[in-house]
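Residue numbers (this note's numbering): 27 to 228.
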């Protein structure tokens with residue numbers, strides 16, 4: 027009711043707000059959202075001014091009258107890859123679901139994975155578009171993130187079956203065939219989420 031407008035007031039762009047569909051991913055008590063900033067420095071300045079805004083302090087105090095509403099906050103800064111499409115905040119769909127995938131990699135593996143994806147993604151987007159592809163390198167922790175939109179869960183499953191049957195997926199398999207090597211992952215997270223009613227990206 028208040029926060030999105032205050033984010034914009036302090037220079038942050040509301041991109042998307044989602045909630046997980048599966049209990050294992052936090053359905054019912056988790057909100058995932060994406061904000062766009064001009065730079066890391068601009069982000070720090072925006073958060074500082076947002077936190078000191080009297081209107082936000084009033085809203086936060088009222089929302090926590092019966093106790094704190096946030097158990098934990100996780101924040102990750104992401105940078106778009108060269109082959110990521112530009113974000114379209116006004117993109118709309120009807121009842122779409124989104125698949126969010128995050129790979130956590132061993133140190134030094136991010137260039138290997140990024141090269142493999144750059145080589146393979148053109149084939150993948152012929153079947154289904156991608157919202158964006160990002161990378162994150164913070165404190166030696168490397169992450170590779172991408173979001174895919176689908177009209178339904180059935181479409182998501184059909185697309186995955188189609189690309190896997192083509193023999194050109196996953197990108198690591200194609201990288202091997204082209205004389206490269208597969209990237210080494212520490213962890214892979216996959217969430218199916220649906221946009222909230224107030225999400226700009228639906």
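Glycine included, every Cβ here is placed at the ideal spot set by N, Cα and C.
What you are looking at is a predicted structure, and each value in this text was computed from that prediction instead of being measured.
Taking all protein chains shown into account, decide if residue 173 is buried (16 or more other Cβ within 10 angstroms of its Cβ) or exposed. buried
Measuring CA to CA, which of 63, 135, 85 and 226 is closest to residue 106? 63
Residue 168: buried (16+ other C-beta within 10 angstroms of its C-beta) or exposed? buried
Is the beta carbon of residue 43 sitting closer than 8 Å to the one on residue 225? yes
How big is the Cα-Cα spacing for residue 217 and residue 123? 10 Å
Hey, would you say residue 103 sits closer than 8 Å to residue 147, going by beta carbons? no
Less than 8 Å between the beta carbons of residue 211 and residue 130, yes or no? yes
Distance CB(residue 158)-CB(residue 110) smaller than 8 Å: yes
To the nearest angstrom, how far is the alpha carbon of residue 79 from that of residue 36? 9 Å
For residue 195, which residues from the same chain have a beta carbon less than 8 Å from its beta carbon, with the 5 sequence-adjacent residues on both sides left out? 146, 149, 150 and 189
Could you check which residue in 53, 95 and 101 has the C-alpha nearest to that of residue 66? 101
Going by beta-carbon coordinates alone, are residue 40 and residue 61 separated by less than 8 Å? yes
With a threshold of 8 Å on Cβ separation, who are the neighbours of residue 152 within its own chain once the five nearest residues in sequence on each side are excluded? none
Quick one, which of 180, 162, 59 and 191 has its alpha-carbon nearest residue 137's? 162
In whole angstroms, what is the alpha-carbon distance linking residue 128 and residue 45? 16 Å
Rounded to the nearest angstrom, what separates residue 116 and residue 125 at their Cα positions? In this prediction, residue 116 has a pLDDT of 49, which is less than 50 and means its spatial position is unreliable; what the coordinates show is noted afterwards. Between residue 116 and residue 125, the C-alpha separation is close to 18 Å.
Classify residue 140 as buried or exposed, calling it buried when 16 or more other Cβ atoms lie within 10 Å of its own Cβ. buried
Where residue 211 falls: helix, strand or coil (DSSP): strand
Taking only three categories from DSSP, how would you classify residue 149? helix
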